[in-house]
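Visitor:
Laid out in structure tokens, this is it:
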């Protein structure tokens with residue numbers, strides 16, 4: 109995502125993702141948010157096992173500003189993403205995209221929680 113951040117980073121990442129042929133591989137992840145950061149766990153280990161993004165690296169989290177959906181298996185889900193500093197870079201960012209999976213945990217609630225717990229907290 110170069111140095112993009114904010115809604116523009118989420119929007120560009122999703123635009124690039126939706127035009128990929130074939131579509132990128134997706135997997136269900138456990139998305140854990142704490143005061144230490146975001147930890148993603150791919151329980152099926154399809155793409156990775158576990159990745160951690162420290163609170164100091166997470167700089168933005170939001171729903172897709174165009175309200176586009178991820179469509180898979182006839183179902184559509186809201187998309188959200190978080191932007192983090194790329195490891196080892198002072199200027200480049202990466203944007204990670206996610207689709208709603210559990211109706212008990214809607215994308216809007218996850219985004220609000222990340223924003224409240226991490227982005228609103230002082231960076232150490």
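In the numbering used here, the protein residues as written are 109 to 232.
Note that beta-carbon positions come from the ideal geometry of N, C-alpha and C, so glycine has one too.
#1: Throw me the rounded Cβ distance for the residue 170 and residue 137 pair, which I believe falls under 8 Å.
#2: Buried or exposed for residue 60, going by 16 or more other Cβ atoms inside 10 Å?
#3: Starting from residue 181, follow the beta strand (DSSP E) in both directions and report where the run begins and ends.
#4: What does DSSP give as the partner residues of residue 221 in its beta bridges?
#5: Does residue 216 come out as helix, strand or coil in the three-state DSSP assignment?
#6: Note down the Cα distance separating residue 150 from residue 213, rounded to an integer number of angstroms.
#7: Using DSSP with H/G/I as helix, E/B as strand and the rest coil, what is residue 113?
#8: Name the two residues that bound the continuous beta strand (DSSP E) containing residue 201.
#9: Determine, using beta carbons only, whether residue 135 and residue 154 come nearer to each other than 7 Å.
#10: Excluding the 5 residues flanking residue 194 on each side, which residues of the same chain have their C-beta closer than 7 Å to its C-beta?
#11: Excluding five sequence neighbours on each side, which residues of the same chain lie with their C-beta closer than 6 Å to the C-beta of residue 207?
Guide: According to the structure data:
#1: Incorrect: roughly 18 Å between the Cβ atoms, too far for contact.
#2: Because the chain is modelled from 109 through 232, residue 60 falls outside the range shown and cannot be assessed.
#3: Judged by DSSP secondary structure, residue 181 falls outside any beta strand (DSSP E); it is assigned neither H nor E.
#4: Note: residue 221 is not bridge-paired with any residue in the DSSP secondary-structure output.
#5: Residue state, collapsed to three classes: helix.
#6: Spanning the two alpha carbons is a distance of roughly 17 Å.
#7: Reduced to three states, the DSSP call for residue 113 is coil.
#8: Run containing residue 201: 201 to 207, per the beta strand (DSSP E) assignment.
#9: It is a contact, given that the beta carbons lie within the stated cut-off.
#10: Here the set comprises 200, 201 and 202.
#11: Scanning its chain for C-beta atoms nearer than 6 Å, with the 5 sequence neighbours on each side dropped, one finds around residue 207 the residues 178, 185 and 187, in chain order.
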